[in-house]
Amino acid sequence: MEKVQFQAESKRLLEMMIHSIYTHREIFLRELISNASDAIDKMYYKALTSNDLVFNKEDYFIKVSMDADARTLTIVDTGIGMNSEELAANLGVIAKSGSLAFKKNNESKDGHDIIGQFGVGFYSAFMVADSVTVISKSHGSDQAYRWESTGADGYTIEPCEKDTFGTEIILTIKESTEEENYEDYLKQYKLQNIIKKYSDFIRYPIKMDVTEQKPNEGAETEFEDIIVEKTINSMVPIWRKNKSELTKEDYNQFYQEKHFGWDEPLTHMHIHADGSVVYDAILYIPEKTPYDFYSKEYEKGLELYSSGVMIMEKCADLIPDFFGFVKGIVDSENLSLNISREMLQHDRQLKVIAKNIKTKIKNQLSTLLKNERDKYEKFYESFGRQLKFGVYNEFGTEKEVLQDLLLFYSSKDKKQITLDEYISRMPEEQKFIYYASGDSIARIEKMPQTERVTDAGYEMLFLTDDIDEFALKALRNYKEKDFKSVSSGDLGLPEIEDTTDEKEKDEQTELFSFLKTNLSGKVKDVRASKRLKSHPVCLTSEGELSIEMEKVLRAMPNAEKDMYEASKILEINVNHPVYETLKSSYASDKDKCSLYTSLLYHQALLIEGLPIADPIEFSNDICKIMK
Ligand code: ADP
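For the sequence shown, our numbering gives the first residue as 57, with consecutive numbering after it.
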């Protein structure tokens with residue numbers, strides 16, 4: 057029979073798994089049991105949507121057995137099974153993103169972290185086994201198949217005999233070496249411990265044949281060994297338990313078991329709601345951003361159970377997009393089991409639960425912000441962007457939920473602050489909440505436009521994330537104070553006395569109109585600046601679209617560049633020596649004045665980080681004045 061090679065990526069990952077992960081080998085059993093439990097869940101779900109199939113709970117179980125002499129460990133389930141195509145597709149390939157993310161997190165020494173994250177659970181069998189045989193009969197099929205592999209060199213699939221539906225996985229446990237002991241996986245009590253430790257909340261019985269001693273009345277030996285089939289796991293779902301019975305480790309363990317993340321959750325919420333709608337939930341806020349979180353591939357959603365049994369793996373309707381990072385389960389008796397997936401989405405109860413959950417998450421985050429700032433900042437680093445997207449995407453309608461959860465970098469504190477912190481220390485006469493946008497804090501700090509605001513002693517929010525300004529625009533104001541970009545419009549600063557006389561004003565008007573004609577099509581207007589102090593020029597904008605926003609929108613894939621154009625104003629500092637030069641060149645040599653105008657305009661573009669349309673012309677201009 058021909059051996060099929062694993063896909064190249066799978067092969068590498070498999071080798072890494074076998075050779076470089078030394079801790080937590082025992083989790084292979086958790087992975088195989090979880091797969092078995094998933095396979096039974098699938099049967100359950102199938103029964104929900106089919107009229108001919110009845111789910112008798114007694115028929116569904118997982119059985120673990122071993123044969124120390126043959127060095128085999130067997131895991132049997134009565135789940136949905138796999139046909140030959142599924143065996144090849146599911147056990148021959150690892151999702152592409154898996155290896156990419158593996159690289160990113162390879163610093164983690166902790167084996168089970170890595171496995172949990174990528175859904176490569178099955179392969180963990182090779183950490184303890186020389187060869188793995190999977191015998192499976194898919195539900196509704198007449199033919200069973202045997203999948204066999206001794207590791208990285210590939211696998212074979214052939215038809216075989218099997219009476220019942222489901223899957224049987226047989227591991228041939230490795231021989232122990234001086235460095236590694238594999239004997240534990242052939243010992244009854246060790247296996248029991250591992251099952252208890254990792255798979256206690258599996259909803260189906262995990263059975264084992266256990267040797268027990270029975271008093272041997274009247275015989276020479278006092279006890280005799282008998283074999284009894286026992287259910288090892290307690291099966292009580294963790295969310296049904298009392299909070300007081302559970303430790304942080306229990307919650308973390310559940311998080312890992314469920315593959316919610318490879319990190320430790322930052323915080324969790326355990327909800328027993330019995331108001332207008334009754335439900336139990338355990339929700340987690342992860343610490344780290346999942347590698348695909350900000351991509352289209354990421355699917356938000358909570359696991360939905362009805363009376364302890366899973367009915368939907370990722371119920372997206374339970375959480376809003378802006379809290380899409382929240383993981384967890386919701387169990388409610390109020391949901392009707394007979395309704396189909398589509399109908400469930402319109403379920404009124406579900407909507408009430410979702411609303412309730414939204415408030416709970418908001419409150420949890422607010423509490424974290426108030427009482428554990430460090431933790432909150434960690435959270436914000438991972439998911440703050442999502443909250444800001446939320447403000448923007450919902451057109452500010454979720455303002456009440458989100459505005460107090462936002463953090464922005466403060467020009468004064470040199471760290472992230474809340475809008476409330478900003479407002480609370482604002483001088484009474486200050487009219488606006490000022491902000492400045494740019495690529496980096498260092499760059500914003502040097503922005504000419506910030507000079508006068510800094511002089512007035514006002515704090516500014518420095519925005520470096522491309523979504524920031526869009527979010528503030530969607531909020532419009534906070535506690536009745538409008539947001540104001542330092543690069544746009546009248547800053548409402550304390551007036552600086554204007555000593556320009558009428559004659560000078562007329563001269564200015566004439567000069568600026570000349571400059572404006574020179575720059576026609578490039579800027580909308582040229583004006584004397586009220587925000588510059590030491591710099592000669594800057595660009596500002598008028599209207600809804602700022603220069604930073606123009607940059608962001610134009611950088612988007614397939615953007616129609618001309619559609620997004622901020623209405624730009626060139627501001628000139630009339631107190632700067634350069635202005636005098638401009639003035640005298642206007643009087644004596646108009647060509648020179650045009651040349652200076654062009655240079656000043658290009659400088660302003662550079663300061664803004666905007667591209668120069670014709671760098672050659674710019675370079676020639678500089679040469680001209682150097683001559
Ligand atoms: P994951 O379980 O995270 O998807 P695995 O590598 O553990 O990744 O398993 C790959 C796939 O193989 C599963 O998604 C499932 O479709 C299938 N599979 C594994 N074990 C079983 C089983 N005991 N019964 C049915 N299907 C299984």
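Note that beta-carbon positions come from the ideal geometry of N, C-alpha and C, so glycine has one too.
- Contact annotation, residue 465 with residue 472: C-beta distance approximately 6 angstroms; criterion of less than 8 angstroms satisfied.
- The DSSP assignment places complete alpha helix (DSSP H) segments of no fewer than 4 residues inside the stretch 208 to 279 at 244 to 255, in order along the chain.
- With a cut-off of 8 angstroms on Cβ pairs, the stretch 132 to 142 is in contact with the stretch 184 to 195, counting three or more such pairs.
- Not one heavy atom of the ligand ADP falls within 6 angstroms of the beta-carbon of residue 538.
- If you ignore the 5 residues before and after residue 115, its C-beta comes within less than 8 angstroms of the C-beta of 134, all in its own chain and listed in chain order.
- Between residue 526 and residue 448 a beta carbon distance of about 5 angstroms is seen, short of the 8 angstroms cut, so the two are scored as contacting.
- Approximately 6 angstroms separates the beta-carbon atoms of residue 660 and residue 626; this is inside 8 angstroms, confirming the contact.
- 7 angstroms or more divides the Cβ of residue 547 from the Cβ of residue 583.
- In the displayed model, residue 324 falls within a strand according to three-state DSSP.
- In this structure, the alpha-carbon of residue 245 lies about 15 angstroms from that of residue 119.
- Distances from the CB of residue 138 to the heavy atoms of the ligand ADP include at least one below 6 angstroms.
- In this structure, the alpha-carbon of residue 483 lies about 10 angstroms from that of residue 512.
- A contact between stretches requires three or more CB pairs, one per stretch, nearer than 8 angstroms, and the stretch 301 to 311 meets this requirement with the stretch 320 to 339.
- Between residue 387 and residue 361, the CB-CB gap stays under 7 angstroms.
- Under the three-state reduction of DSSP output, residue 337 falls in the strand class.
- Short note on residue 249: C-beta not closer than 6 angstroms to any heavy atom of the ligand ADP.
- Per DSSP, residue 384 is one residue of the beta strand (DSSP E) stretching across 383 to 387.
- For residue 112, the three-state secondary structure derived from DSSP is coil.
- Look at the stretch 597 to 642 and you find these whole runs of beta strand (DSSP E), each 3 residues long or longer: 623 to 628.
- Closest in C-alpha terms to residue 539, from the list 515, 550 and 561, comes 515.
- When the Cα atoms are used, residue 609 and residue 522 turn out to be separated by approximately 9 angstroms.
- According to the DSSP assignment, residue 132 belongs to no alpha helix (DSSP H) but to the beta strand (DSSP E) extending over 128 to 133.
- Taking 7 angstroms as the cut-off, the beta carbon of residue 205 is found no closer than this to the beta carbon of residue 184.
- Per DSSP, residue 516 is not a residue of any alpha helix (DSSP H); the beta strand (DSSP E) it occupies stretches across 516 to 519.
- For the set 420, 534, 591 and 416, the Cα lying nearest the Cα of residue 632 is the one of 591.
- CA-to-CA, the gap between residue 294 and residue 301 works out to about 10 angstroms.
- Straight-line spacing of the CA atoms in residue 128 and residue 458 works out to 55 angstroms.
- Comparing alpha-carbon positions, the option among 235, 347 and 231 lying closest to residue 242 turns out to be 231.
- Distances from the alpha-carbon of residue 535 to those of 504, 492, 650 and 476 put 476 closest.
- With a cutoff of 7 angstroms on beta-carbon distance, residue 269 and residue 279 are scored as near each other.
- Relative to the non-hydrogen atoms of the ligand ADP, the Cβ of residue 330 never comes closer than 6 angstroms to any of them.
- Between the beta-carbon of residue 486 and that of residue 594 there is about 22 angstroms, and that puts the pair past the 8 angstroms contact cut.
- Taken in chain order, the unbroken stretches of beta strand (DSSP E) that lie wholly in the stretch 460 to 547 and span 3 residues or more are 464 to 466, 489 to 493, 516 to 519 and 537 to 541.
- Relative to the ligand ADP, the nearest heavy atom lies less than 6 angstroms away from the CB of residue 135.
- Note: residue 123 is bridge-paired with 128 in the DSSP secondary-structure output.
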